[in-house]
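Accompanying notes for the structure given below.
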Amino acid sequence: FWTDVSEEAIKQTYINQTGNVVQNVIISGLVSPDGLACDWIGKKLYWTDSETNRIEVANLNGTSRKVLFWQDLDQPRAIALDPAHGYMYWTDWGETPRIERAGMDSSTRKIIVDSDIYWPNGLTIDLDEQKLYWADAKLSFIHRANLDGSFRQKVVEGSLTHPFALTLSGDTLYWTDWQTRSIHACNKRTGEKRREILSALYSPMDIQVLSPDRQPYFHTPCEENNGGCSHLCLLSPRDPFYSCACPTGVQLEDDGRTCKSGAEEVLLLARRTDLRRISLDMPDFTDIILQIDNIRHAIAIDYDPVEGYIYWTDDDVRAIRRAYLDGSGAQTLVTTEINHPDGIAVDWVARNLYWTDTGTDRIEVTRLNGTSRKILISENLDEPRAIVLNPVMGYMYWTDWGESPKIECAYLDGSERRVLVNTSLGWPNGLALDLEKDKLYWGDAKTDKIEVINVDGTMRKTLLEDKLPHIFGFTLLGDYIYWTDWQRRSIERVHKIKASRDIIIDQLPDLMGLKATSVTKVFGTNSCAENNGGCSHLCFFTPQETRCACPIGLELLSDMKTCIIPEAFLVFTSRAAIHRISLETNNNDVAIPLTGVKEASALDFDVSDNRIYWTDVSLKTISRAFMNGSSVEHVIEFGLDYPEGMAVDWMGKNLYWADTGTNRIEVARLDGQYRQVLVWKDLDNPRSLALDPTKGYMYWTEWGGKPRIVRAYMDGTNSITLVDKVGRANDLTIDYADQRLYWTDLDTSMIESSNMLGQEREIIADDLPHPFGLTQYSDYIYWTDWNLHSIERADKTSGKNRTLIQGHLDFVMDILVFHSSRQDGLNDCVQNNGHCGHLCLAIPNGFRCGCAAHYTLDPNSRNCSSPASFLLFSQKSAISRMIPDDQQSPDIILPMHGLRNVKAIDYDPLDKFIYWVDGRQNIIKRAKDDGTQASLHGPFTVMSTPNQSQNPEKQPHDLSIDIYSHTLYWTCEATNSVNVHRLNGESIGMVLRGDHDKPRAIVVNAERGYMYFTNMQERAPKIERAALDGTEREVLFTTGLIRPVALVIDNKLGKLFWVDADLKRIESCDLSGANRVTLEDSNILQPMGLTVLGNHLYWIDRQQQMIERVEKMNGYKRTRIQGRIAHLTGIHAVEELDMEEFSVHPCSRNNGGCSHICIAKGDGTPRCSCPEHLVLLQNLLTCGEPPTCSPDQFTCATGEIDCIPMAWRCDGFPECDDQSDEDNCPICSASQFQCEKGQCIDAHLRCNGEIDCQDKSDEADCDS
């Protein structure tokens, strides 16, 4: 047997084994097992652990492990046994070094040596002579003494370096020495005959002599029948010379022989990455780690004494799990909609599991096996943490450490909620119930107190208020309260009456939840214990009665015990909540647990997907979720103002909505894709919307100056007024079976009906105070009344037989019946989306394929093409697209996230990316028109430090794209420079900067290789032109300018246009600067941007909130294109790209072969150039670091050597590392002689008796 301190284990193998030596781990989970001894008689292993400071014993196979000593040990090391007399001996080299002895059953412990001792390392017993030998590594000696420590003698003195372990055989002592790395020996009595047995050992540790003499046999009482002991029979020095013992934490029965089946009371402990149990039956409080995988951040913990499961929450894997007390049988119970489950509680009577979640801010319950989940409390919870239950009285209690900390209680079903404590609280982390005394204890990590109160909220007292730096876990059992402390890293307990306290475990980091419990003893019962109280799913015992309840999605039958999946239920929106009421059972009004609803308005559903859809007029979004409240997601987030009408086309899987703010009716796929505006002309406050996809019609009501009800095809065409003599008609509803329309009239407070053409009108009810929402199902109509705060129903034809469904409801906006019969039928869009690429829109007797806004339907197919020419305009936090003169679609906001302070925009028609300057982060970003980044690195940026909110060294002002080179030019306000980036985000460098330059607006004319920019120097603004590499700078204009803010080029026309914000005038000139003319200078207030599309010049006026245009040739026909657009910041036109023209541009293929900048020359060839910090190399394609060589030197292309004298070039001897001085050498002219190795010299130097060639070849062969 041996200990392995790095594997933290005790291992075993067999001696003289042939073949592979098998190592068996006997004991694992040790920390530093420094000493080991084998009881060869009682067949036991004894060992010391200098980290946990314990001495333990176990059977030779590792079973029945028991802690013998755990107190007054500092650094126990060597251990030796004398089984014949029942004694064990050990050394301790801690603060007070000593040698101790005790009975092998842990009795009669006594210090036998404590003077003249420092580092007692080795220890061995001479069984024949009954002597104890030990080595001291600091004092450098080996001593011996009688076994009681008396008659101490020196054996070896003074000359030892670092003895570690010691053993003997016959008359010889053997020991290992760390410093000499050897095994030494000497006579055991005199210390003479010292010799080295074996040297050059790497790290000699323990040493034993294998010999029968060292382990003589004798009879002990443990041999027969294990001494009558059920577990451990340990030898003892006292009569009857043995005692029975039990594994750690387990008590002996009164017979003194039999062990109890296990610990009866335990402390269960959640650490961040493991769970532990500590027996409270025995005083050693040894913590045992449970063998459970994948614990990443355990927090709360509880226990069920009936089945013996531990339950815990894990904040990292976001789950609730359970396992048996020994760690076996681990299961994951709940994983969905779990964010930060901080508290957990077992109802051991009704077999339910409760938990708190500070992420979802809810208290929920399931059965103990994780089924039948239900939300009990979801309102007014801020940071719910600890939770405890009283199944005997029917109450639950929880703490909330949010803004206003409190301790609350409620019935076990969440009803009758009330606040118990809400004063003088900080972070009430821990909570514990004393069921026998009806007291509630809590620990507060901010006030650093443990307090107690009666369960009815009276008699608040402080139990403890010192040295409690940060209480977290908290639990009560019997007379003690136990808690974990994050700062002290300890578990302590306090007597609940005497207030005396003691430490259970010290210095254990990452302590979380804690549960003290009886392992099998169960306290109390209630009527849920019998047959689950007769309930089919959840049973809640409350002070008033036993209540059955259902998980989300199920409803109670009238027997009040059985849950069924309801066929039909009412769903309605009420401000920040959406509720459901089953129509078949009498269980009323359950809030669907949705997150993030602010002011829900319109509502619809898709039965096939079991989802609901709703509009939120406060968040200005349309969202969806499953009926159980899970998977909430926004479907439409942009360009909504007041979406008060909405309907699901369940056949085409489309979503229709009406917006009274934007005056539009729009459609998109159910996931929000392919959005298109269907109706936007002649609409006056469209409000309620209803669809009949089988017939291909949609119906809506308008609330404008002349309220009416309108019908159109579902593609938005062929609209006709059905009803015009009507008030504000709300919640238009179709009775599909009887083909009738129903609505409430808010101006007459009536409920009316007509046939599908608006004729045969009938009043269904005219005596209602304020009917608002309305729906129809089967033979009934259901409506809400704002004055009566109610939902009622009546016969749909007569309005008779009225029944109150629900009262006490505030401002129910929309109401509908969720049932499959409301979504029956067939049309051509059901199969394969009608083979349409984007939208399949139903029309009478057929369908039409539709496209996302501005996309066009391909003539002979059903697919859609993206728009080729259009305008983009930006507002502070939005980018919109419009196609002027387009009768099919108005302007639309593009669904692009994270727009903050957009300052300038551009577009790359090749990859179809929009680029913009983000003035808040000072970066340039890009995205597709559907909002996707479509690049691996997220938004493309021109920024070096992505974490700063302000980026002072870079401040982009304007940008312009060179589509041929795939580069982006931008001006920087911080460095007053023009810079170039590749479109993939790589920086090329700076191309223009001067001492007084302030380049701002910029436009690239890549067709001709130029860029134009405004230079806003103090009091002398200019418009300049330069080549794309910043060379060939020329000033076009210095006069007639005050604040030119935008430039645009029309390359085909050969014109430059600009607008001056202070002169309030738009001008143009030729690309050379000639023929300057003013196009427009009246009634322009705050021009911001300028662009050319087709025959027109467009500009935006921020103060007048509009986009205007004139004919670009002459400035005629000024018209306003779009008005009422706030915070306009930029405009950019995109023309259709002519791919033939594109491909003949010299830079369009592979950047013209250039490594950095490619400039088109007038003759149609490329010129390569470089940013300021690089120079063009000799191949005229590649940029490199500028050389440092003088004119009379040659520059080597690469390598360590940079410059060599020019005379060495082509002298036949390579001096450059890369031999580039001998590359491309010239052939000598007629008046020269060429040396063998290529050097040229004047011809008359040949054979002149002096050597001129470096290779001496000019004086060779002179005779011939």
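Numbering (our numbering), first residue to last: 4 to 1267. The beta-carbon is built from N, C-alpha and C at its ideal position, and this holds for glycine as well.
Is the distance from the Cβ of residue i to the Cβ of residue j below 8 Å?
i: ASP37; j: LEU84; result: no
i: CYS1192; j: CYS1206; result: yes
i: LEU1184; j: SER1158; result: yes
i: SER172; j: VAL212; result: yes
i: ARG370; j: THR251; result: no
i: GLU956; j: ALA930; result: no
i: PHE72; j: SER109; result: yes
i: GLY362; j: HIS343; result: yes
i: THR51; j: PRO79; result: yes
i: ILE366; j: ILE390; result: yes
i: LEU126; j: ASP95; result: no
i: ARG743; j: SER756; result: yes
Taking the straight line between their C-alpha atoms, what separation do you get for residue i and residue j?
i: LEU514; j: ALA273; result: 6 Å
i: LYS524; j: LEU255; result: 18 Å
i: LYS196; j: CYS189; result: 5 Å
i: SER947; j: THR970; result: For SER947, the pLDDT reaches just 42, beneath the cut-off of 50, and the residue's location in the model is therefore unreliable, although a value from the coordinates is still provided. Computed Cα separation, rounded: 18 Å.
i: VAL682; j: THR720; result: 8 Å
i: LYS698; j: ASP734; result: 20 Å
i: ASN383; j: ASP7; result: 55 Å
i: PRO774; j: LEU622; result: 26 Å
i: SER938; j: PHE916; result: Residue placement at SER938 cannot be trusted, given a pLDDT of 46 that sits under 50; what the coordinates show is reported in the next sentence. Going from the Cα of SER938 to the Cα of PHE916 covers about 10 Å.
i: THR624; j: LYS928; result: 24 Å
i: THR465; j: VAL455; result: 6 Å
i: ARG678; j: TYR616; result: 16 Å
i: TYR483; j: PRO394; result: 21 Å
i: ALA693; j: ASP827; result: 15 Å
i: ILE1160; j: ILE1052; result: 21 Å
In the DSSP assignment, the beta strand (DSSP E) including residue i goes from what residue to what residue?
i: PHE72; result: 69–72
i: VAL1147; result: Where VAL1147 is concerned, there is no enclosing beta strand (DSSP E), although the alpha helix (DSSP H) it sits in stretches over 1142–1147.
i: LYS1; result: Summary: the structure shown does not reach residue 1, with the chain confined to residues 4 through 1267, and so no result is reported for it.
i: GLU366; result: Looking at the sequence shown, residue 366 is not Glu but Ile. Taken as a continuous stretch (DSSP letters only), the beta strand (DSSP E) holding ILE366 covers 365–370.
i: ASP131; result: Here ASP131 belongs to no beta strand (DSSP E), and DSSP marks it neither H nor E.
i: HIS857; result: From DSSP, HIS857 is part of no beta strand (DSSP E); its letter is neither H nor E.
i: GLY648; result: 646–652
i: PHE873; result: 873–878
i: PRO1208; result: 1206–1208
i: PHE916; result: 916–921
i: LEU480; result: 474–480
i: ALA105; result: 101–106
i: ARG155; result: Note, ARG155: premise wrong, no beta strand (DSSP E); not H, not E.
i: GLY849; result: 849–853
How close, in whole Å, do the beta carbons of residue i and residue j come, if the pair is a contact with beta carbons under 8 Å?
i: LEU423; j: LEU479; result: In fact, because the Cβ distance is near 17 Å, the residues do not count as touching under 8 Å.
i: GLY194; j: VAL253; result: Their Cβ separation, rounded to whole angstroms, is 47 Å, which puts GLY194 and VAL253 out of contact at 8 Å.
i: GLY1012; j: LYS1164; result: 7 Å
i: GLY725; j: GLU705; result: The sequence shown places Leu at residue 725, rather than the Gly named in the question. Not quite, the Cβ-Cβ distance comes to about 11 Å (not below 8 Å), so this is no contact.
i: ALA1004; j: PRO959; result: Contact doesn't hold; Cβ gap of about 12 Å is too wide.
Looking at residue i and the ligand MG, is the gap between the Cβ and the nearest heavy atom below 7 Å?
i: GLU199; result: The ligand content of the structure shown is nil, which means the ligand MG is not present either.
- Within the chosen definition, does the region 541–552 reach the region 365–383 through at least 3 CB pairs nearer than 8 Å? yes
- Message: Three or more C-beta pairs under 8 Å: does that hold for the region 758–771 against the region 563–577?
- Response: no
- Report yes or no: do three or more beta-carbon pairs, one from the region 230–250 and one from the region 288–303, lie closer than 8 Å? The region 230–250 vs the region 288–303: no contact.
- Decide if the region 874–888 is in contact with the region 1130–1140; the criterion is three or more beta carbon pairs, one per stretch, under 8 Å apart. Touching, yes, given that three or more Cβ pairs across the two stretches are closer than 8 Å.
- Can we say the region 299–306 touches the region 79–97, given the rule of at least three CB pairs closer than 8 Å? no
- Validate contact between the region 635–643 and the region 664–677 using beta carbons, cut 8 Å, 3 pairs: yes
- How do the region 854–861 and the region 810–826 stand: do at least 3 beta-carbon pairs fall below 8 Å, yes or no? no
- With contact counted as at least three CB pairs below 8 Å, one residue from each stretch, are the region 884–892 and the region 863–874 in contact? yes
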